[in-house]
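Residue numbers (this note's numbering), protein chains in the order written: chain C, 10 to 205; chain R, 288 to 639; chain V, 7 to 160. Report on one structure; see the data block that follows.
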Amino acid sequence: MGSGPTFAQDADRSVSAMPEGLWGQPEVNVPDGGGTEQVRRVTVPATMVYDYTPGAAPTRFLRGLQEGRILGERAEGGTDVYVPSRGMDPVLGRATTESVEVGPKATITTFCVVHIGFGENAPPPPFVSALILPDGAAVSLYGTVLGIDHTEVRIGMRVRPVWKDPAERTTSFENITHWEPIDEPDVSAEELKGHM
Amino acid sequence: MRDVAIVSVAQSEHRRAVPELNEVEMVQPIIQGVLEQIGAGISEIDFTCSGSSDYLAGQAFSFVMTLDAVGAWPPIAESHVEMDGAWALYEAWLKIQAGHADTALVYGYSKASPGDLPRVLSRQLDPYYYGPLWPDSVALAGLQARSMLDAGAITEAEMAEIAHRSRTAAESNPHAQLKGSPPVEELLGAPYVSDPLRRHDCAPITDGAVAVVLAAGDRAREWSQRPAWIRGIDHRVDSHNFGARDITRAPSAGLAARRAGLGDGPVQVAELCAPFTHQEKILRNELGLGDEVVVNPSGGALSANPVMGAGLIRLGEVANRISAGEFDRGVAHATSGHLLQQNLITVLEGDS
Amino acid sequence: MAESPDAGEILRAPLTIGYDFQRTTGPVIGAFFTALAERRMLGIRDTGGRVVCPPVEYDPESGEPLTDMVEVGTEGTVRSWSWVSRVREGQPLATPHALALIQLDGADTSMLHVIDAADPSEVSTGARVRVRWAPESVDGFGNLVCFELAEGKG
Chain C
10 MGSGPTFAQD ADRSVSAMPE GLWGQPEVNV PDGGGTEQVR RVTVPATMVY DYTPGAAPTR
70 FLRGLQEGRI LGERAEGGTD VYVPSRGMDP VLGRATTESV EVGPKATITT FCVVHIGFGE
130 NAPPPPFVSA LILPDGAAVS LYGTVLGIDH TEVRIGMRVR PVWKDPAERT TSFENITHWE
190 PIDEPDVSAE ELKGHM
Chain R
288 MRDVAIVSVA QSEHRRAVPE LNEVEMVQPI IQGVLEQIGA GISEIDFTCS GSSDYLAGQA
348 FSFVMTLDAV GAWPPIAESH VEMDGAWALY EAWLKIQAGH ADTALVYGYS KASPGDLPRV
408 LSRQLDPYYY GPLWPDSVAL AGLQARSMLD AGAITEAEMA EIAHRSRTAA ESNPHAQLKG
468 SPPVEELLGA PYVSDPLRRH DCAPITDGAV AVVLAAGDRA REWSQRPAWI RGIDHRVDSH
528 NFGARDITRA PSAGLAARRA GLGDGPVQVA ELCAPFTHQE KILRNELGLG DEVVVNPSGG
588 ALSANPVMGA GLIRLGEVAN RISAGEFDRG VAHATSGHLL QQNLITVLEG DS
Chain V
7 MAESPDAGEI LRAPLTIGYD FQRTTGPVIG AFFTALAERR MLGIRDTGGR VVCPPVEYDP
67 ESGEPLTDMV EVGTEGTVRS WSWVSRVREG QPLATPHALA LIQLDGADTS MLHVIDAADP
127 SEVSTGARVR VRWAPESVDG FGNLVCFELA EGKG
């Protein structure tokens, strides 16, 4: 069971004084006590545990990943293939019902070079974090681009996913460990319009 | 004041858990339904406003996700409240009053099943004195029921009668989650879940959604044979510091009712959002409802309680009955927070 | 067509969302927590002369800032209670107990806390209770473990 909130004094950071007039609360008169240092800040943990369910369309996408396939979806009467689909075509406001395999070849639509470490799941910095448009899809997926010096990465560059071994795959986006360049001509900015 | 009416209502068949769908998948058929009923497309809606909370399903930016069901690209004019959808309706009503919109889509939803709702709701409390104790919502409501029992303001038998009447009424509500009830004597023989509350005193935990369309003036008459006109709407709040107030009352509900003009004429039907049986009695007293008023013909929140939707459902239930010609004047109540802390009252009328 | 998985085939995963919020107390709440570390309870006098405990920064009626903090008792009277039969993570006691509104001696309002009792039949409105302090002084709110039943009737 929890022990209630814990109290941080000024160990980790200082409590700055508010400018005169902004902090409207007057000083209070407190009966004399034991001279304990005034509490200024409390740490109040708030943790909740959920039995999370992603829904029907994301379940189809994640099960596809387990088979090494990238599955997008299209609404009836729609043209755009969304990947991963959360269940809706957000332009039509209608459910996506048609499963469409996209990729695996893809194009970088935008990227940035990350120089800050993001923990054990991220590659060592600097690395490239990118939005990647699988062939046949209307929207991009997020991924990291490895296997090339970060200074050589560019918008329009062609890439393909690198998968975990089939035996290690689960119903997880982490089945695609990263994306790597392939030897194909860049896609022009004109062709990427509407997908950025 | 512009004449603004509820012209269309849709809600889900409420269930304890809808694990096979995510929130946007659950909400989309309701939004599609509320528009199809009036033959309208999203392009005819000037403003969209929703009520929901990310804490319920543990879904970050849940309300952004559900906007996909509205066809929100290219961008639409929209807003969101972290409150019951009834407050989203209030915002939409203001938008129409201000002349910035003639029509509005309003929805509220809850997928509470992934979390432990009575615990999740404790995060609504003051974070210094109440939150660290993680009091569950049922035990908190128990404090209020006990205060009423001690004060002679209600009896356990009256509470059981409210449960019995509500869930019996729900038998004719196709959307209700709990329908039918054992007799009162049997209910009173059941053990307490949180003394002095028994299971029947508590609303169920519900996954579900509700949507309504508001329209002004001639557009409302075009979309509805008998629009349910909003004649008054007001919301008020009592102190969250319930250790320092009389919790056997909800003065904010009475004040909101007066400000909404409830007393300007007789009222035939009332839908009160009372997730616990004893709260219906508090609301009847604050609103001054007599025995002649039909209360919660839908079964109320005790029969289906999608948090962030249950109040908007009350508005929809009154509006539907007015539009159907069953009643001419009714009142809908919505609440947010614990122990009837915040209360919204809407008076609805049909043309005679 | 995409096949719709039924409820049994749907994926599920445990998801934990947690934040250790750091909250600035301000002078009033800070003084209350400081006093708890000294095994004292403080309230604050409102503009009508009532003592509000736990203390608040502004008058509940008028909104005027309040400054006059006063010591109240460590015993009090149960004003309302309910029974917590299913204990949840984070609650002050690990066994079933009462959630209660407790009016401390010298205060005019009630504070929310829990009462350690074996059975609901032991608890009643009007019962006298006293603070159970943590065996060793810890920071702030943790000093107040719970309330326990005392002799007498309020």
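Don't be surprised by glycine CBs; every beta carbon is placed ideally from N, CA and C.
Going straight from the alpha carbon of residue i to that of residue j, what length do you get?
i       : j       : result
L465(R) : T68(C)  : 30 Å
L308(R) : T73(V)  : 53 Å
A124(V) : T101(V) : 8 Å
V90(V)  : V524(R) : 27 Å
E573(R) : H204(C) : 56 Å
R536(R) : V109(C) : 58 Å
Q629(R) : S340(R) : 16 Å
S453(R) : E567(R) : 10 Å
Y396(R) : V499(R) : 12 Å
N528(R) : P422(R) : 14 Å
D355(R) : A440(R) : 47 Å
T106(C) : S149(C) : 19 Å
P514(R) : V93(V)  : 48 Å
A66(C)  : T153(C) : 24 Å
W516(R) : V291(R) : 6 Å
P113(C) : T179(C) : 18 Å
Y3(C)   : T115(V) : A question about residue 3(C) goes unanswered here, because the residues of chain C that appear run from 10 up to 205.
M10(C)  : Q75(C)  : Because the pLDDT of M10(C) is 35, which lies under 50, any placement of that residue in the model is unreliable, and the number read from its coordinates should be weighed accordingly. Distance between the alpha carbons of M10(C) and Q75(C) is about 38 Å.
E558(R) : P584(R) : 7 Å
L71(C)  : L501(R) : 39 Å
Could you please give me the residues that DSSP links to residue i through a beta bridge?
i       : result
P419(R) : Answer by DSSP bridge pairing: none, since P419(R) is not bridged.
P71(V)  : Y64(V)
S366(R) : C336(R)
F27(V)  : V53(C)
R485(R) : Y479(R)
V57(V)  : R51(V)
P206(C) : No answer is possible for residue 206(C): the residues shown for chain C start at 10 and end at 205.
L110(V) : G82(V)
A115(C) : P143(C) and V168(C)
A619(R) : E558(R) and T633(R)
Going by other Cβ atoms of all chains shown within 10 Å of its Cβ, with 16 needed for buried, is residue i buried or exposed?
i       : result
I318(R) : buried
W510(R) : buried
I108(V) : buried
H103(V) : buried
E193(C) : exposed
A385(R) : exposed
H387(R) : exposed
Y151(C) : exposed
D21(C)  : Note that D21(C) scores a pLDDT of 44, beneath 50, so its modelled location is shaky; the value from the coordinates is reported in the next line. Exposed is the call here.
K398(R) : buried
P133(C) : exposed
V24(C)  : Reliability fails at V24(C), whose pLDDT of 47 lies under 50, so the model's placement of it is uncertain and the value that follows must be treated cautiously. When all chains shown are included, V24(C) counts as exposed.
G467(R) : exposed
T22(V)  : exposed
Y342(R) : buried
F16(C)  : Any answer about F16(C) is weak, because its pLDDT of 42 lies below 50 and its placement is not dependable; what the coordinates show is given next. Classification of F16(C): buried, given that the 10 Å Cβ count is 16 or more.
Do the CB positions of residue i and residue j come within less than 8 Å of each other?
i       : j       : result
S400(R) : P306(R) : yes
S299(R) : H565(R) : no
R518(R) : E613(R) : no
L599(R) : V393(R) : yes
V51(C)  : T40(V)  : no
A147(C) : T119(C) : no
T113(V) : S86(V)  : The displayed chain sequence assigns Ala, not Thr, to residue 113(V). Not closer than 8 Å, so no.
W172(C) : G87(C)  : no
G617(R) : P99(C)  : no
A84(C)  : R103(C) : yes
Q315(R) : M57(C)  : no
D371(R) : A597(R) : yes
D494(R) : M446(R) : no
W188(C) : P175(C) : no
W312(R) : G64(C)  : The displayed chain sequence assigns Glu, not Trp, to residue 312(R). Yes, the pair counts as a contact, with Cβ atoms nearer than the cut-off.
F153(V) : V137(V) : yes
N460(R) : S330(R) : no
### Query
Touch check for the region 373-380 of chain R and the region 330-343 of chain R: three-plus C-beta pairs under 8 Å?
yes
### Task
Take every Cβ of the region 404-413 of chain R, pair it with every Cβ of the region 366-375 of chain R, and state whether three or more of those distances are shorter than 8 Å.
no
### Query
Per the contact definition of three or more C-beta pairs closer than 8 Å, is the region 52-63 of chain V in contact with the region 74-81 of chain V?
yes
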